[in-house]
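Below is one structure; the comments refer to it alone.
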Ligand code: LLP
C-alpha cells in the first residue's frame with residue numbers, strides 16, 4: 010500500500026523508517042498510519058456524500074486508542090460503544106454524544122446511567138430484561154431513552170464461527186420473528202422512544218449476499234411494524250465488512266451500501282437514516298505490529314523465529330487461526346530465506362503469530378506483523394507479566410507516541426500483599 014512501502018529495501022510507514030521507529034521506541038510496538046486511517050474513512054465519506062442520511066458509527070472495540078478515536082471524531086464519525094469504558098473514551102476523544110450508539114448484551118445499570126447522562130443517540134437493545142432495566146433507569150433519571158431493537162436475522166455470514174453473530178443459536182439480539190411484539194411492549198413504556206432497528210451479523214465478511222439477505226429481512230420487519238403504526242427513523246445494518254489479510258477480496262463498503270440502499274428505496278424506505286458500525290474495515294489495515302527477533306531456533310521438525318511480541322500482544326492467530334502477513338523490516342539481505350514459524354516467548358504452544366513463512370531471519374532483526382490495526386492492541390493482555398506494547402501514530406515524517414509502553418511497576422501497582 011502507499012502507506013506501508015519499501016524504499017531501498019527498508020520498510021517505511023509513510024515517511025518514517027520502521028527500523029528507526031523500532032530503535033527509538035522499542036518493541037513490541039504497534040504503529041499506525043494517519044494517512045491510511047483517513048483513506049479508509051474516505052471510503053465511508055463517499056457513501057455519506059452520496060446518500061446524505063447515513064451515519065457511520067466506528068466500532069470502538071476494534072481500536073480504542075484515544076488518538077485514533079479523536080481522528081475519527083474530527084472526521085465527523087459517530088461511535089458504536091459496548092461499555093461504560095468505551096463511552097468514557099469516546100467522550101474524552103471529542104465524540105458528539107448525539108452520534109454515539111450503545112450496543113452489547115450485558116449493559117449494566119451504571120453504564121446505562123452514564124450513557125443517558127451523556128445524551129447518546131440510541132441504545133441498541135438486545136433483550137426484554139434489558140429493555141425493562143433501561144425503562145426503569147430512564148424513569149429514575151427523568152430522561153427519555155431512544156432505542157433500536159437488535160434483531161437476529163438468522164443469516165449465515167459465512168465467516169469464522171467465533172465471529173459470526175447473526176445465526177439463531179448465538180446470544181446476540183432477539184429473534185426477528187418476535188421483534189414486533191417487543192416493539193409493541195416498548196411502545197407501552199414511558200421514558201422509551203422507539204427510533205430504529207439494528208443488527209450485526211458477524212465480522213470479516215467478504216461477500217455482499219449476507220448483507221442483502223439481512224436487508225430483505227429488515228424490510229419485512231419494517232413492513233410488519235408499519236402495519237402496527239410503528240415507524241422507524243433509522244436502520245442499522247451493523248459492521249462486519251472484511252479486509253484483505255492475504256488474498257481475500259472483500260466487497261467495498263460502497264458496494265455493500267448500494268445493495269442495501271437499493272432495497273430500502275425500492276421498498277419505500279428511502280428516507281430512513283442508514284447507520285453503519287464498521288470497525289475492522291476502517292482500522293484493520295492502518296496498523297502493524299513490530300517485533301524483534303530474539304533467537305532463531307532450528308529444530309528437526311521446524312525452524313522458529315522467537316520474537317519479543319507474543320499472543321498477549323496479538324491473540325488473533327491463536328484464537329481464530331487467523332492469518333497475518335509478515336514482512337522483514339530490512340529486505341534484500343544476503344542470508345537465504347528459510348521456512349519459519351514466528352513465535353513468542355510465552356509458555357504456551359498456542360503462542361504463535363505466523364506459521365511456515367519464507368523469511369531470512371537473524372537475531373536482532375525487526376519483523377512486522379501486518380493488518381494489526383483492528384483487534385490487535387484492544388485484545389492484548391499482560392499474560393506472563395508482559396507490559397503491553399506502546400502505540401505510535403505516524404503522520405508524514407512525524408511519529409507520535411499515542412500510548413506509552415507500560416512499565417512493570419504499573420503492572421504491579423494495584424496489587425496488595427497480605428499475610
Ligand atoms: N457492531 C457490533 C455490535 C459488533 O459486535 C462489532 C464487532 C462491530 C460492530 C464491528 O465489526 P467489524 O466491522 O469490526 O467486523 N475480535 C474479532 C472480531 C470480533 C468482532 C466483534 N464485534 C477478530 O479479531 O476478528
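Residue numbers (the UniProt record's numbering): 10 to 428.
Each residue gets a CB set at the ideal place from its N, CA and C atoms; glycine is no exception.
(1) Mind the definition here: the stretch 309 to 322 touches the stretch 351 to 368 only if three or more C-beta pairs lie below 8 Å; say whether that holds.
(2) Using CA atoms only, rank isn't needed, just tell me which of 192, 246, 48, 202 is closest to residue 222.
(3) Please state the DSSP three-state secondary structure of residue 74.
(4) Between the Cα of residue 51 and the Cα atoms of 291, 255, 417, which residue gives the shortest distance?
(5) Considering Cα atoms alone, identify which of 349, 388, 285 is closest to residue 304.
(6) Under three-state DSSP, which class holds residue 19?
(7) To which residues does DSSP link residue 298 through a beta bridge?
(8) Report back the beta-carbon spacing between residue 20 and residue 336 to the nearest angstrom; my notes put them in contact at under 8 Å.
(9) Pull the bridge partners of residue 366 from the DSSP assignment, please.
(10) Using the rule of at least 16 other Cβ atoms within 10 Å of the residue's Cβ for burial, across every protein chain shown, is residue 382 buried or exposed?
(11) Look up residue 192 in the DSSP assignment and say whether it is helix, strand or coil.
(12) Could you say which of 329, 339, 56 lies nearest to residue 16 if we only look at CA atoms?
(13) In terms of alpha-carbon separation, which member of 309, 301, 328 lies closest to residue 351?
(14) Between residue 241 and residue 419, what straight-line distance do the alpha-carbon atoms span, to the nearest angstrom?
(15) Nearest-angstrom Cα distance between residue 254 and residue 193?
(16) Determine, using beta carbons only, whether residue 189 and residue 229 come nearer to each other than 8 Å.
(17) If you reduce the DSSP assignment to three classes, tell me which class residue 214 lands in.
(18) Do residue 127 and residue 106 have their beta-carbon atoms positioned less than 8 Å apart in this structure?
(19) Any heavy atom of the ligand LLP closer than 7 Å to the Cβ of residue 70?
(20) Can you name, in chain order, every residue of its own chain whose Cβ lies under 8 Å from the Cβ of residue 273, other than the five neighbours on each side?
(21) Pull up the distance between the alpha-carbon of residue 4 and that of residue 289, whole angstroms please.
(22) Measuring CA to CA, which of 316, 312, 385 is closest to residue 367?
(23) Mind checking whether the beta-carbon of residue 383 lies closer than 7 Å to any heavy atom of the ligand LLP?
(24) If we count the other Cβ atoms within 10 Å of its Cβ and call it buried at 16 or more, is residue 231 buried or exposed?
(25) On the three-state DSSP scale, how would you describe residue 89?
(26) Just checking my contact of residue 87 with residue 110 at CB under 8 Å: how many whole Å lie between their CB atoms?
(27) Determine whether the beta carbon atoms of residue 66 and residue 286 lie at a separation below 8 Å.
(28) What is the DSSP secondary structure of residue 146, reduced to helix, strand or coil?
(29) Verify the contact flag: residue 86, CB atom, against every heavy atom of the ligand LLP, threshold strictly below 7 Å.
(30) Start and end of the beta strand (DSSP E) containing residue 157?
(31) Could you check the C-alpha separation between residue 332 and residue 145 for me, to the nearest Å?
(32) For the putative contact between residue 296 and residue 405, defined by C-beta atoms under 8 Å, what is the C-beta separation to the nearest angstrom?
(33) Could you give the residue range of the alpha helix (DSSP H) that holds residue 132?
(34) Check whether the Cβ atoms of residue 202 and residue 252 lie closer than 8 Å to each other.
(35) Given that a residue counts as buried once 16 or more other Cβ atoms are within 10 Å of its Cβ, and exposed if not, what is residue 159?
(36) What number of angstroms, rounded off, separates the C-alpha of residue 118 from the C-alpha of residue 412?
According to the structure data:
(1) yes
(2) 246
(3) coil
(4) 291
(5) 349
(6) strand
(7) 39, 378
(8) 6 Å
(9) 349
(10) buried
(11) helix
(12) 339
(13) 301
(14) 48 Å
(15) 44 Å
(16) no
(17) strand
(18) yes
(19) yes
(20) 224, 228, 244, 279, 281, 283
(21) The displayed coordinates of the chain run from 10 to 428. Any statement about residue 4 would go beyond what the structure contains.
(22) 312
(23) yes
(24) buried
(25) strand
(26) 7 Å
(27) yes
(28) helix
(29) no
(30) 154 to 161
(31) 45 Å
(32) Between residue 405 and residue 296 the Cβ distance is about 16 Å, and since that is not below 8 Å, they are no contact.
(33) Premise fails: residue 132 lies in the beta strand (DSSP E), 131 to 134, not in any alpha helix (DSSP H).
(34) no
(35) buried
(36) 30 Å
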